[in-house]
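The structure appears below as structure tokens.
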Amino acid sequence: AQKVTQAQTEISVVEKEDVTLDCVYETRDTTYYLFWYKQPPSGELVFLIRRNSFDEQNEISGRYSWNFQKSTSSFNFTITASQVVDSAVYFCALSEYTGTASKLTFGTGTRLQVTL
Amino acid sequence: GAVVSQHPSRVICKSGTSVKIECRSLDFQATTMFWYRQFPKKSLMLMATSNEGSKATYEQGVEKDKFLINHASLTLSTLTVTSAHPEDSSFYICSGQRQETQYFGPGTRLLVL
Numbered sequence: 647a648q649k650v651t652q653a654q655t656e657i658s659v660v661e662k663e664d665v666t667l668d669c670v671y672e673t674r675d676t677t678y679y680l681f682w683y684k685q686p687p688s689g690e691l692v693f694l695i696r697r698n699s700f701d702e703q704n705e706i707s708g709r710y711s712w713n714f715q716k717s718t719s720s721f722n723f724t725i726t727a728s729q730v731v732d733s734a735v736y737f738c739a740l741s742e743y744t745g746t747a748s749k750l751t752f753g754t755g756t757r758l759q760v761t762l
Numbered sequence: 007g008a009v010v011s012q013h014p015s016r017v018i019c020k021s022g023t024s025v026k027i028e029c030r031s032l033d034f035q036a037t038t039m040f041w042y043r044q045f046p047k048k049s050l051m052l053m054a055t056s057n058e059g060s061k062a063t064y065e066q067g068v069e070k071d072k073f074l075i076n077h078a079s080l081t082l083s084t085l086t087v088t089s090a091h092p093e094d095s096s097f098y099i100c101s102g103q104r105q106e107t108q109y110f111g112p113g114t115r116l117l118v119l
């Protein structure tokens, strides 16, 4: 069975600090996708990134960066110079292909609070 | 691109009534849509996978006669909560699958009195 662990339940930082959100996954599949979603207080889940299991290149998008390490089954997310607007719950997710659809297994989420 | 809408965003109903929630993919065709339920401060719980033109696949423990799902077109899936009870009060959120990624709607807050 697939499993995603986000050990950090809540993180509080002061604006402009860097913060890393951890994600560890378990799967027996050789082909899979990893995702990060942001859920602000409004409730909508915003897609941030998708990473293929064969692509271990790290990715940077503005202040966001992701570190995928297959050897440790981790897909960590770093926000550089955090801002108040980054306050949200962040979910890491792992896909499982069922033949016609890609079901997602979500972690329990990390609530990030960025204060002035 | 990849925008999903949900309607209504919020609904209050009396116990025993039925409520229909619509999920639309606005700028892409979604052969597969998913329905989730989320309790306060909790993660998302997959309720069912909805495939256009066929019956939905429900997760274990989800009553298919209570949560009716219809996916009649490539851009619309509906979830009907039948004979709603206060314990059905929750945040319901749908997603449409485009390539390998699920794009989520803004969610529907259901309160059953």
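Keeping their order, the protein sequence lines are chains P and S. Per this note's numbering, residue 647 is the first one in the first sequence, and the count goes up by one each step. Per this note's numbering, residue 7 is the first one in the second sequence, and the count goes up by one each step. Every residue, glycine too, gets a C-beta built ideally from N, C-alpha and C.
Item, Value
"Proximity winner among 118(S), 55(S), 97(S), relative to residue 49(S) (alpha-carbon distances)", "97(S)"
"Three-state secondary structure (DSSP) of residue 47(S)", "coil"
"Per DSSP, the bridge partner or partners of residue 655(P)", "Beta-bridge pairing links residue 655(P) to no other residue."
"Chain-ordered chain P contacts of residue 50(S) [CB-CB under 7 angstroms]", "752"
"Pair within 8 angstroms by beta-carbon distance, residue 761(P) and residue 661(P)", "yes"
"Distance between residue 39(S) and residue 666(P) (C-alpha atoms, nearest Å)", "31 angstroms"
"Short CB-CB distance (under 8 angstroms) between residue 691(P) and chain C", "The structure shown has no chain C; the protein chains it does contain are P and S."
"Per-residue burial, residue 33(S) [other beta carbons within 10 Å of its own, 16 or more giving buried]", "exposed"
"Contacts around residue 679(P), its chain only, beta-carbon distance under 8 angstroms, and the 5 residues preceding and following it disregarded", "696, 697, 698, 699, 740, 741, 748"
"Residue 10(S) vs residue 30(S) beta-carbon contact at 8 angstroms", "yes"
"Closest residue to residue 68(S) among 88(S), 110(S), 13(S), 80(S) (Cα-Cα distance)", "88(S)"
"Buried versus exposed, by CB contacts within 10 Å (16 or more), residue 45(S)", "exposed"
"Straight-line gap, residue 19(S) to residue 734(P) (C-alpha atoms, nearest Å)", "29 angstroms"
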